[in-house]
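Novice: Below you'll find the structure I mean.
Residue numbers (my numbering): 251 to 678.
Written out as C-alpha cells, the structure reads:
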C-alpha cells in the first residue's frame with residue numbers, strides 16, 4: 251500500500267490528530283485527495299465543483315498557522331465536501347437546477363461556516379437530484395452519479411453524490427441533507443456511514459429549499475463519513491442554535507458511551523409491516539442482532555404499529571399545497587398522533603434496529619417503488635438515525651442497517667454503530 255493510499259484510508263479523526271501533532275501536513279492530505287479526485291471522479295461524477303487551487307492554498311495556510319502555534323479547531327486542516335444544495339461562498343451552488351447553474355452564493359451556509367471555523371478545508375461540492383430532492387442523483391446540469399461499488403448501479407439520493415464521493419475515497423467526510431431518507435439511503439447503497447441528527451439539532455440556514463423551523467420539520471443536515479467516530483466529531487462542530495433557524499433547539503450533546511450497547515434495550519424488525527426485505531438484508535439484520543446480544547444489549551423483535559401510516563402521511567404532506575384547509579388540519583392531527591404513538595413505543599426501548607431499504611443499490615434507471623419506506627417514519631418522528639454497513643449482497647454491493655434512537659440520543663445510536671463497525675470491519 252502506498253503512502254497516499256494509507257493516508258486516504260485514515261479517518262478524519264486520525265487526520266485531525268496527526269495534523270495537529272505536526273506528524274502530517276494538511277497540504278499532503280489535500281494533495282492526496284485532489285489526486286484521487288482527478289483519477290476517479292470522471293467515471294463516478296460524484297463531485298461537481300472542485301476547489302483545487304483554493305483548497306491547496308487553504309491547506310498551506312493551515313500548515314503555516316500550526317507552525318506558528320495556532321490551531322483553529324477540531325478539524326484543523328482536514329478536507330471535506332458538501333452536497334450542492336448547501337450554500338458555499340464564491341463556489342457555484344446549482345442544486346442540480348439549470349436556473350441556478352451559475353449561482354454564486356455571497357455567504358456560506360451556517361454548517362459550512364462552522365466547519366471552516368473548526369479548521370476544515372472545503373474541497374468541493376457533490377451532485378444531487380434537481381433541487382436536492384428524490385432518490386436518483388441525476389440532473390440536467392451535471393448528469394448522473396454512479397455508485398463506486400458498481401458503476402451500473404445507483405448511489406441513491408438525494409445525497410448520492412456525497413455518499414459516492416466518500417465511498418470512492420474522494421473525501422474523508424462531508425455534509426448532506428435528509429428529509430425522508432436522503433442521507434441514509436445513499437449511505438446504505440454506497441457502504442458508508444451517516445447520521446441524521448434529531449430534527450432541530452443542526453441549523454438549516456443557507457441550505458436550498460430547507461427553510462427550517464415549523465415549516466420544515468422533517469429536514470435535517472447531517473454528516474457522512476467512512477468512520478463512525480467521524481460522525482460524532484462533526485456533530486460537535488455543526489450542532490447548536492444559530493439565531494436564525496427557528497426550529498433549532500439548544501439541547502446538550504452527550505459523549506458516545508464507552509460501554510457500547512451493554513444494557514441497552516433494542517427492538518428490531520425486518521419489515522415492520524411496511525415492506526418485506528430481501529434474504530441478504532434479513533440475514534444481515536439477524537447477524538447484527540446476534541452481535542448486539544453478545545455485546546450485552548437486550549434485544550427482542552418488535553416494531554411500532556404506527557409505522558404503516560408513515561407513507562400515507564408523508565404523501566399527504568407532499569401534496570398539501572393542492573389540498574384544502576380542512577385536509578391540512580387533518581394531516582397535522584394525524585402526524586401528531588403518529589409521533590405520540592412512536593414515542594409511546596420508545597418508552598420501553600433505547601434503540602431500534604431496522605432496514606434502510608428492502609435491498610442493496612438498484613441499477614441506474616431501475617425504479618424501486620418502495621424506496622424510502624423504511625426511512626420515512628423516522629423523518630416524520632424527527633428522531634436521530636445512524637446507518638452503518640453490516641453486509642454484502644451477491645453482487646458485492648454494500649448492505650447497511652439503520653439504528654434509531656429517541657430524540658437527542660444520537661450518542662446511543664452512534665454507540666451501536668461503532669460496535670457494528672468494529673465487528674464487521676467494512677470501512678471502505
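For every residue, glycine included, the Cβ atom is placed at its ideal position computed from N, Cα and C. Predicted model, so just to flag it, every value in this text is computed and none were measured.
Report the option in 539, 419, 597 whose CA atom is closest to the CA atom of residue 259.
Specialist: Start at 1 with the first residue of the chain shown, and residue 259 comes out as number 9. Measuring from the Cα of residue 259, the nearest candidate turns out to be 419.
Novice: Could you tell me if the beta carbon of residue 665 falls within a distance shorter than 7 Å of some heavy atom in the ligand GDP?
Specialist: Inclusion of the ligand GDP in the displayed structure is not the case, the ligand content being empty and no account of it being possible.
Novice: May I ask you to report which of helix, strand or coil DSSP gives residue 633?
Specialist: On the chain shown, residue 633 is found 383 positions in, with the first residue counted as 1. Looking at residue 633 - three-state DSSP - the assignment turns out to be coil, as it is neither helix nor strand.
Novice: State the Cα-Cα distance for the pair residue 436 and residue 316, rounded to the nearest angstrom.
Specialist: Translated into the one-based positions of the chain shown, residue 436 becomes position 186. Translated into the one-based positions of the chain shown, residue 316 becomes position 66. Roughly 36 Å separates the two Cα atoms.
Novice: Would you grab the beta carbon distance between residue 488 and residue 457 for me? Rounded to a whole angstrom, and I think it's under 8 Å.
Specialist: Taking the first residue of the chain shown as 1, we reach residue 488 at position 238. Taking the first residue of the chain shown as 1, we reach residue 457 at position 207. The pair is not a contact, with the Cβ atoms about 12 Å apart (cut-off 8 Å).
Novice: Here's the rule I'm using: 16 or more other beta-carbon atoms within 10 Å means buried, otherwise exposed. How should residue 542 be labelled?
Specialist: As a working note, residue 542 is residue 292 in the chain shown. Counting Cβ neighbours within 10 Å, residue 542 comes out buried, since at least 16 surround it.
Novice: Using the beta-carbon count (16 or more within 10 Å), is residue 308 buried or exposed?
Specialist: Counting from 1 along the chain shown, the entry for residue 308 is found at position 58. Buried is the call here.
Novice: Three or more C-beta pairs closer than 8 Å, one from the segment 505-517 and one from the segment 625-632: is that the case here?
Specialist: The answer is no - the segment 625-632 does not touch the segment 505-517, with fewer than three Cβ pairs under 8 Å.
Novice: To the nearest angstrom, how far is it from the Cα of residue 293 to the Cα of residue 590?
Specialist: For the purposes of this step, residue 293 is taken as residue 43 along the chain shown, with counting starting at 1. For the purposes of this step, residue 590 is taken as residue 340 along the chain shown, with counting starting at 1. Cα-Cα distance, rounded: 46 Å.
Novice: Scan the segment 278-324 and note each continuous alpha helix (DSSP H) run of 4 residues or more that stays entirely inside, going in chain order.
Specialist: Runs found: 302-317.
Novice: DSSP puts residue 376 in a beta bridge; with which residues?
Specialist: Locating residue 376 in the chain shown gives position 126, counting from the first residue. Answer is 297, 333.
Novice: To the nearest angstrom, report how far apart residue 393 and residue 411 are at their CA atoms.
Specialist: Sequence index remark: in the chain shown, residue 393 carries index 143 (1-based). Sequence index remark: in the chain shown, residue 411 carries index 161 (1-based). So the two alpha carbons sit approximately 11 Å from each other.
Novice: First and last residue of the beta strand (DSSP E) that includes residue 470?
Specialist: If you number the chain shown from 1, residue 470 lands on position 220. First-last of the beta strand (DSSP E) with residue 470: 470-475.
Novice: Under a Cβ-count criterion, where at least 16 other Cβ atoms within 10 Å of its own Cβ denotes burial, should residue 568 be classed as buried or exposed?
Specialist: Position 318 of the chain shown, counting from 1, holds the residue named residue 568. Exposed, since its Cβ has fewer than 16 Cβ neighbours within 10 Å.
Novice: At the level of alpha carbons, what is the spacing between residue 325 and residue 270?
Specialist: Within the chain shown, residue 325 is the residue found at index 75, counting from 1. Within the chain shown, residue 270 is the residue found at index 20, counting from 1. If I take the Cα positions, the gap works out to 9 Å.
Novice: Please state whether DSSP places residue 602 in a helix, a strand or coil.
Specialist: Numbered from its first residue, the chain shown carries residue 602 at position 352. The answer is strand: DSSP assigns residue 602 an E or B state.
Novice: Taking the runs of the alpha helix (DSSP H) that are 4 residues or longer, which of them lie wholly in the segment 346-410?
Specialist: Complete alpha helix (DSSP H) runs here, min 4: 360-367.
Novice: Should the segment 575-590 be called in touch with the segment 553-567, which here means at least 3 C-beta pairs below 8 Å?
Specialist: Cβ pair count under 8 Å is three or more, so yes.
Novice: Can at least three beta-carbon pairs, one atom from the segment 327-341 and one from the segment 355-365, be found at a separation below 8 Å?
Specialist: Touching, yes, given that three or more Cβ pairs across the two stretches are closer than 8 Å.
Novice: What first and last residue would you give for the alpha helix (DSSP H) that runs through residue 255?
Specialist: The count along the chain shown starts at 1 and reaches residue 255 at position 5. Per DSSP, residue 255 belongs to the alpha helix (DSSP H) from 253-259.
Novice: Under 7 Å Cβ to Cβ from residue 665, same chain only, skipping five residues before and after it: list those, please.
Specialist: The count along the chain shown starts at 1 and reaches residue 665 at position 415. Counting only Cβ-Cβ distances below 7 Å, and skipping sequence neighbours, we find 506, 507, 510, 511.
Novice: Any chance you could list the beta strand (DSSP E) runs of at least 3 consecutive residues sitting entirely within the segment 483-551, in chain order?
Specialist: Fully enclosed beta strand (DSSP E) runs of 3 or longer: 515-518, 548-551.
Novice: Out of 473, 597, 492, state which residue places its alpha-carbon closest to the alpha-carbon of residue 409.
Specialist: Translated into the one-based positions of the chain shown, residue 409 becomes position 159. Checked all of 473, 597, 492; the closest Cα to residue 409 is 473.
Novice: Considering residue 564, what are the terminal residues of the alpha helix (DSSP H) in which it resides?
Specialist: The count along the chain shown starts at 1 and reaches residue 564 at position 314. Run containing residue 564: 560-568, per the alpha helix (DSSP H) assignment.
Novice: For residue 602, count neighbouring C-beta atoms within 10 Å of its own C-beta (all shown protein chains included) and say buried if the count is 16 or more, exposed if not.
Specialist: Locating residue 602 in the chain shown gives position 352, where the first residue counts as 1. Residue 602 should be labelled buried.
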